[in-house]
Every structure is written in C-alpha cells, then in structure tokens.
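This report refers to the structure that appears directly beneath it.
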Amino acid sequence: MVEVLISHGANINEINKNGETALHIAAYHYSKETAKVLISHGASYALR
Numbered sequence: 001m002v003e004v005l006i007s008h009g010a011n012i013n014e015i016n017k018n019g020e021t022a023l024h025i026a027a028y029h030y031s032k033e034t035a036k037v038l039i040s041h042g043a044s045y046a047l048r
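Structure (structure tokens):
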C-alpha cells in the first residue's frame with residue numbers, strides 16, 4: 001500500500017499534527033517492511 005501511495009505522489013516526509021512522519025509511525029508500530037520501503041524511497045530519518 002505504501003508503494004502505491006508513493007507512486008501516486010504521496011509526500012513521504014510529510015509531518016502530521018503530532019510532529020510525526022510516516023517513518024516514525026512505521027517504527028512505532030514495528031513495521032520493518034514499511035520502514036524499508038520508505039527509506040528506499042528517500043524518507044528522511046532526521047525529521048522531527
């Protein structure tokens with residue numbers, strides 16, 4: 001699903017109202033595969 005959103009132009013570094021990115025949320029939920037996809041598409045792990 002993440003790859004579909006990315007292919008349609010989703011901003012993977014968007015910060016939500018709680019200051020979290022998709023990568024933060026993936027890590028919080030222990031979603032290793034989602035985190036790998038996000039990082040492989042250039043997600044920043046330095047945003048907050």
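Take the sequence shown: its position 8, counted from the start at 1, is 8 in the UniProt record's numbering, and no numbers get skipped.
C-beta atoms are modelled at their ideal positions from N, C-alpha and C, and glycine is treated no differently.
Remember, predicted model here, so these are calculated numbers, not experimental data.
Judged by DSSP secondary structure, A22 falls within the alpha helix (DSSP H) whose first and last residues are A22 to Y28. Taking the Cα positions, A46 is about 17 Å away from K17. For I6, the three-state secondary structure derived from DSSP is helix. One Cα belongs to V2, the other to H24, and the distance between them is close to 14 Å.
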